[in-house]
Amino acid sequence: MEKNTIYLVGAGCVNLITAYYLKRAGYDLTILDATPSPFNCTWDRLGCTWGGEDARMFTLTEADNYNQTSFPIGDESNRYFTRSIGDYGWDIRKIQQTELEKEWVNHHQEILPHQAHLHEGSILSFNAESKGLWEIMQAEDSELFKDVEYHEGIIRLYSDTNHYQAQLARHTHRGSLIHNYPTPEELAIAHPSLSNAIASNNIAGGFKTIGFTVNAHKFLAKVIHWLELRDVSFHWNEKVERLHYNKSGKIVSLGTTERSLEGDNFILSLGAYGAELLQQTPASGIICGVLGAWLTIPHLSPKLEYSLKLVRKGHVTEDANITIATDKVGSPILIIGSGYGFTGTSPHNIQLQMLELIYEGLRDTARIYFPEAYKQAVAMSALECTQKYCIRPWTPSSLGIFETIPTSNGGKCIITGGHNTGGFAQAPAVAKAVLASLIGTLHPMHTLYQDTGWKNAHREKLRPNNATR
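Heads up: the sequence shown at position 15 corresponds to 105 in the numbering used here, and the numbers run straight through without jumps.
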């Protein structure tokens, strides 16, 4: 066994980009995933990356802070995890919440505004770091970004004038603004595909910001191919069920459904599907699931030049990413992704009636903003069959997680995840933080992605002496 042996558990976007960085650094990698290969499997058997649609977006605010920052504690506006979808909340659970979920929601609600501001700064700093890292990746391995519908620049649209003005100020402050359209009329001239929605007063304003979109499945398939060409092996349908500790609290091996695996280092990035495995680690209980839904429509002329972020104030699918894409046969499509549905500790705890409300919201967005494409999809019975959802890993503080546990071979077990809507966007920064930890250097993520309040409240539960020996 070589000294630089690493097992990566989870083949979602964060771990695949981490693997890319580690392979470039010379590590010997093996990647395991509990699901079947995404290349010959239906979406509903897969995790967030591969079960969701073929669309991901990078922006400087993509992984954001979802804690309230400007109201007194106890204000009703901070209760969306416990209000149902029908009541303009996020709760989509069909089974009554567990004690752990109550603790999780309470922790979210108790985070003070000044803490939320600090968390927001930490989160957005890693978006900024990732921007430069994505640019380096494009320069050094440009082939990965070919034929994946790479589109640079994001148009942000707002249905509410006050919201538009507030977000324009925010993005100007963040340095992400490229161009503002001072009036809806100027926006319509620059982007004729939006003229109908503007004429019907469904767009109050918009501006262009830094960012890009890709068809994520096509892009990550290229990353997998790149890794396989460099002798990285993938083991699909192999679930890691146990972490084996020695008496010193160091991890000796991983136990899968088929075998025991010893290595120098282990990298765990499990999305919203790793609760059991993480139960006796410092990341125990901190990740819950939040559902997001998808809908696909034809991309008709006049076509969009840029992918969109559409904010419909007060709508059930208030924030939507609309991504320029192609389907499996190369036909132009638009992928609409939106919605928040809190599933708690189980990604399968979904009330179908509430899910249908989110789907209705997506269909309404398609009907209002792309009426001709909507009509064509309905006429071809090709709308509802494109509906799907994925479950995103969320933390109560909105901070991602970065935890390390020593291994018996002198290496580390590193746990990443919980990036809410920004796993893809932040993936390069996560990869750099993992690499820094392995070689013994510091990275800001090592300290900033630590929810000390959660840890202090659960310290007794996180002791490794209860873990599997």
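Virtual Cβ for every residue (Gly too), placed ideally from N, Cα, C.
| query | result |
| --- | --- |
| Length-filtered (4 minimum) alpha helix (DSSP H) runs lying within the segment 298-349 | 306-319 |
| Classification of M91 by the beta-carbon crowding that lies within 10 angstroms, buried from 16 upward | Here the model assigns M91 a pLDDT of 35, short of 50, so the residue's position is not dependable and the matter cannot be decided. |
| Continuous alpha helix (DSSP H) assignments of at least 4 residues falling wholly in the segment 461-536 | 461-469, 513-529 |
| Beta strand (DSSP E) runs contained entirely in the segment 376-400, provided each spans 3 or more residues | 378-388 |
| Between the CA atoms of I529 and A259 - distance to the nearest angstrom | 40 Å |
| Range covered by the beta strand (DSSP E) that runs through N292 | Premise fails: N292 is in no beta strand (DSSP E) and is neither H nor E. |
| Element boundaries [alpha helix (DSSP H), containing V195] | 189-200 |
| Distance between T497 and G102 (C-alpha atoms, nearest Å) | 23 Å |
| Reduced DSSP secondary structure (H/G/I, E/B, other) of N157 | coil |
| Residues near P461 by beta carbon distance below 8 Å, same chain, minus five either side | N286 |
| Bridge partner(s) assigned by DSSP for M147 | T303 |
| Neighbour-count burial assignment, F148, 16 or more Cβ in a 10 Å radius | buried |
| Classification of D321 by the beta-carbon crowding that lies within 10 angstroms, buried from 16 upward | exposed |
| Nearest neighbour of S266, chosen from T371, A289, K236, S215 [CA to CA] | S215 |
| Own chain, CB closer than 7 Å to D541, minus 5 neighbours either side, in chain order | I376, T485, S487, L489 |
| Buried or exposed (CB count within 10 angstroms, at least 16 for buried), M227 | buried |
| R482 vs C138 beta-carbon contact at 8 Å | yes |
| Alpha carbon of A294 to alpha carbon of R402, nearest angstrom | 10 Å |
| Member of E408, S421, E230 whose CA lies at the smallest distance from the CA of T390 | Residue identity check: residue 390 is Leu in the sequence provided, not Thr. When each option's Cα is compared against that of L390, the closest is S421. |
| Buried versus exposed call for T531 [16 or more other C-beta atoms within 10 Å across all chains shown] | exposed |
| H269: first and last residue of the uninterrupted beta strand (DSSP E) it sits in | 267-271 |
| Residue range of the beta strand (DSSP E) that includes G427 | 422-434 |
| A373, DSSP secondary structure in three states | coil |
| Separation of T537 from H438, as counted between CA atoms | 32 Å |
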